[in-house]
Structure formats: C-alpha cells, structure tokens
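What follows is a short report on a single structure.
In my numbering, the protein residues as written are 65 to 656.
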C-alpha cells in the first residue's frame, strides 16, 4: 500500500491528496496552478510503505525563502491545521458515504460473486498503474514542492512545473495504458482469476484502464489546490467521482451489465477533473516538458524511492489477489466490501489529519530554527493523539458489530447471508489495524515533509516481507481470514517501525506522556468494547431482525452506548485531548 495514504490490499481504489499551512491564513495572489481531488474510486486502503537519513542527498529548493511562511507558534499553527482537517474530514465523510452507496449498488446488482471479484481484479490493475505513475508522488513530492514555490511567490516557476507534469502525465500514461491493454491477459493470469471469470476480468480491465489518464490530471490539480490552501474542492472531489460511478452503474446495468460499472470509472474521473477546473481559472497552461527545471528535478528525486517502494508493495497486491482467488471465487469480492468499511474511518480520521498536517509540517521542517523543530514535534504529537483518540471507538464498533453492520449495509438482492458472513470474516482480520494505520499515515507525511522519502520506502519493503511471512503461513489453515490478518500485520508493523525510526531522529517523540496516553486510550477502548458486546447480546433479536428499522435501532443503541462509555472512560482517566476535540467540533471550519 504504498507511497501512501494507505490502502488495504483488499481495496480496489485509491485516493490521494494533502493539505494545509501553519502560518496565519493570509490571502495570497493566486498562483498559476491546477488542482486535483483525490484520486480514484474513492477509497484508499490500509497498507503502507516507506523511510532514512535526513535529507540524504535531497537537493534544496533554490531561492525558496524558508522563513517566509514560518508559523508564529505551535499553538497558533495548530488551529488552521485542525480546521483544515475538519474541512477535509467533511469532504471525506461525503465521499465515503457515496463510496458506501457505490458499494451497496455493486452488492445489490452483482453480489459477492465471481463477477464482482473480476471487477475488483480489473480495478487493481488500473489502480496500480495510477498509483505507481502519480498517486504516490502527490504527498511525497508534488505537494511539498508546490508548497515551497507557493510560499516563495514563484508563480511563473510553479506554472512551468505544473504544466510539465500535466504533459508528462498525459504522454506517459497514454503509453502505459496502451501497453497494459496489450498485456492484460497476462496480468489477469498472474493475478489468479479462475477460468470461469478470466475473460470477464480481461474485458473489465481494458475498459477501466483509460480512466487513469483523467485520474492523473486530477491528481496534479489536487496537489496544486492543497499547496494553495484551497481545501474545499479537492476535499469533495472524490464524492463527485463516486457519484459518477453510481449513476453510470445504475444507468448502464441494463444494456452493459457489469461492464457498465467499469465504464463508470471513466465517467467519475471525468467529472472529478471538470469540477476542479473552475477553481484554477488563473492557470497558465504551457505545452512544455522542462525536465531541467530544478523544481521538476526535485519532484522526480523525491519520488524515485517512493516509486521503487510502491513496486514492492504492489507485489503484495499481486500475491494477495492471487491467493484470494485460490480461497474461493467470492473472496476478492468479500475482501473488497470489507475494505470499503475499513476505508470509511481511515478517510474520516487518518487521511483528513495527514492531508491537513502535511503543508504545515513541510514549512516547519524547512526551517533550521530550534523553535520550529520543536513546533514540528509538537504538531506531530498532537496529530497522533487526535487520530488515535478518534479512531479507537470506530475500530471497536467495526470489530464487535461486524456482522450486523455488513448485513445492514449490503445484504439485499444479489448479496445474500453467505456473502455477509464472508465479508464479516474479512472485516475481522482487517479492523484491528486501524489505530496503527492512522498513526502510520501521519508518520509517513512527517518523513515526506522533511523531504525524506527513502526511509518510508525501506520500511515498506520490510512490510512486504512481513505480509508474505504471515500470509503464506495462514492462508492454508485460515483461508481468506489469513490474508486479512497478514495485511493487518503488515500495516501495523510498518507504523511501529516508522515511529521508532522517527523517534531516533527526533528524540522528543520518545515521550513517556505519549505512552501513558496510549495506555489510557487502550483501556478506554477495551471498556467500550465490553459495553458494546454486552449491548449487542441484549439487542441480539433486534440486530438479527429481517426488518431494517429494528436493525438500525439496535446498531444505533449499541453504538451510542459504546461511544458514551468510551467518553466516560476518557474523562475518568483524565485524557485531556478529549476537551480539545470538543472545542474543535464547536468551531466552524474556514473554507480555503
């Protein structure tokens, strides 16, 4: 899952982005740039990549005024970041809700069947191509470099860099799409599609591939908008993407069956580009590819190790998909539906925080001033505490209430009780990694902000080894569940190693207070899990009702009790960060 926002190998889609500055929000003269919103099908999954020596061999940006955008203080800096995270979170909620609706449409039309597995196999090919060519560059290189040029007021240079990458993306991806279309039968064979669904997977892959051209343009546009602190359009761009897929899937299901769903990927990508263009009316496009420009060279330099790491991570996707097909023709489909449920809290909490914090971390990291380095650590620690606090109750709900949640959301029409059980099994393996993944996302952007893309890559390669060891050991006795556990182990270990390495570079991260905070959160989560489990037992008849309303009421009741018990435990254990969250939720986010 790499280069990252993170991704579960079960997920067929990816999404990228980033965001926000620490300094006082001032109106800048618009730079000539573009934007892009999020990326692909709207869901990015949990696994991770990347990590090493500080700024090792990374060229500095010529002429950038490193003090120009220095925040006044960590506290003042944190407020814009937090509000940016709220805005991005709202966009993520909208896109995830529509992503969930998209999955419900797929479930109702095609169920957790071999045909759906063929579609998910097809999207893995197109997503891999998009991620390798561009998605990983957004947070690792494009946003940090665009932010530096934006802060320095170098509008002409920024315009030239953006135009270069748009032209490189169009030409490079066009060639790649053509080559992949020719090699599709080989790719589908390697991914392990069974004989019955092989031809369908080939057809769907070829239909899905052209969408990556539009996603590439969208990715560059998003990077520019986030670098300019314009969060609203990219935050909601993926929602438009998902809406396009939903409409196309429903409209084309009759004449084209599941092929219409693959066509919907292109429809959604086109809409995502179109909705972003008005925000970039000041862009001066240039038909140029300037590989000698220092900004272009810096982006390529930063992305090179990430690209290598993503190749390693996609080896995991290949193995995971191949093994999943071997555990049943419905496994890839079930893992995909479970991956969608995992992506919802990740997008709401992890992606929002990491995208909002990256620009601020990048500006602090570029300064050698001791107070800015201290502010860097302070901002990162507060971000880690926030995401851990928020993600734990969501993880508890998904683990304890997995069966009723899957049944309520997906079990209708072609999606039967067997599909519910299979998806719940996959969710059991995926969900425990959530706290590790949200922290991992922040740690990755912290390394990227320091223009260090090597360490995350090396750790990502180590994570591949962890996945392979666990998957190969568990796939025979546990089947699909073993693959989900392997994915969780990969991402969890990735986050732990990244934290250890970053703490060695930044000793203040070795905080006893952080360890105590984690222990209090774990205790609160365990208490909440016990309450939710007890509530689920009492409400068992409602949760198993054939009618929708009793199930909804049961889930709301169990979830409310779980959240309340979690909050009570936080107060009892004196977790002060809870009051910060409450204060933030009472403020109105500023729209970039």
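Here a beta-carbon is modelled for each residue, glycine too, at the ideal position from N, C-alpha and C. Just so you know, these numbers come straight off a predicted model, no measurement behind them.
The beta carbon of residue 354 is closer than 7 Å to those of 224, 228, 360 in its chain, skipping five residues each way along the sequence. Counting only residues of its own chain and dropping the five nearest sequence neighbours on each side, residue 232 has a CB closer than 8 Å to the CB of 353. Non-local beta-carbon contacts of residue 256 in its own chain, meaning distances under 7 Å to residues more than five positions away in sequence, involve 385, 386, 389, 390 in chain order. Segment contact: the stretch 547-558 against the stretch 495-511, three or more CB-CB distances shorter than 8 Å; contact assigned. Residue 193 is not a Cβ neighbour of residue 250, given a cutoff of 9 Å.
By the criterion of at least three beta-carbon pairs nearer than 8 Å, the stretch 610-620 is not in contact with the stretch 520-532. Pairing residue 409 with residue 461, the inter-Cα distance amounts to about 11 Å.
Contact between the stretch 503-512 and the stretch 539-550 is absent, with fewer than three C-beta pairs closer than 8 Å. Fully enclosed alpha helix (DSSP H) runs of no fewer than 4 residues occupy 481-494, 498-513, 518-542 of the stretch 478-554, in order along the chain. Three or more beta-carbon pairs separated by less than 8 Å link the stretch 199-218 to the stretch 362-369, which places the two stretches in contact. Residue 627 has its alpha-carbon roughly 12 Å from the corresponding atom of residue 594.
Cβ contact annotation for residue 492 (same chain, cutoff 8 Å, sequence separation greater than five): 463, 466, 545, 548, in chain order. Going by beta carbons, residue 596 and residue 622 fall inside the 9 Å limit.
Boundaries cannot be given for residue 357, as no alpha helix (DSSP H) includes it and DSSP labels it neither H nor E. Residue 561 sits close to residue 526, with the two beta carbons spaced by under 9 Å. For residue 339 and residue 292, the gap between their C-alpha atoms comes out near 17 Å. Going by beta carbons, residue 309 and residue 166 fall inside the 9 Å limit.
Residue 567 and residue 490 do not touch by the CB rule: their CB atoms are close to 33 Å apart, not below 8 Å. If you check the CB distance, residue 619 and residue 468 come in under 9 Å.
The Cβ-Cβ distance between residue 271 and residue 330 falls below 9 Å. Going by beta carbons, residue 264 and residue 182 fall inside the 9 Å limit.
Each residue's CA atom was taken as its position, placing residue 172 and residue 378 some 29 Å apart. The C-beta of residue 246 has fewer than 16 other C-beta atoms within 10 Å across all chains shown, which makes the residue exposed.
Between the stretch 532-541 and the stretch 437-456, the count of C-beta pairs closer than 8 Å stays below three; the two stretches do not touch. Counting the other CB atoms within 10 Å of its CB gives residue 351 a total below 16, which places it among the exposed residues. Residue 638 carries a coil assignment under DSSP once its states are collapsed to helix, strand and coil. Three or more Cβ pairs closer than 8 Å define a contact, and the stretch 420-434 meets that threshold against the stretch 211-225. A direct Cα-to-Cα measurement between residue 283 and residue 382 gives close to 24 Å. Counted as a single uninterrupted DSSP element, the alpha helix (DSSP H) harbouring residue 221 occupies residues 219-255. The alpha carbon of residue 239 has as its nearest neighbour, out of 277, 268, 230, the alpha carbon of 277. The Cβ-Cβ distance between residue 528 and residue 581 does not fall below 9 Å.
When the Cα atoms are used, residue 426 and residue 592 turn out to be separated by approximately 37 Å. Residue 393 places its beta carbon 9 Å or farther from that of residue 543. Put simply, of 219, 274, 405, 443 the residue whose alpha carbon is nearest the alpha carbon of residue 474 is 405. The residues 105, 106, 159, 162, 163, 165, 166, 332, in chain order, have a CB closer than 8 Å to that of residue 306 in the same chain once the five nearest residues on each side in sequence are set aside. Shown here, residue 348 sits in coil according to DSSP, grouped into three states, outside any helix or strand.
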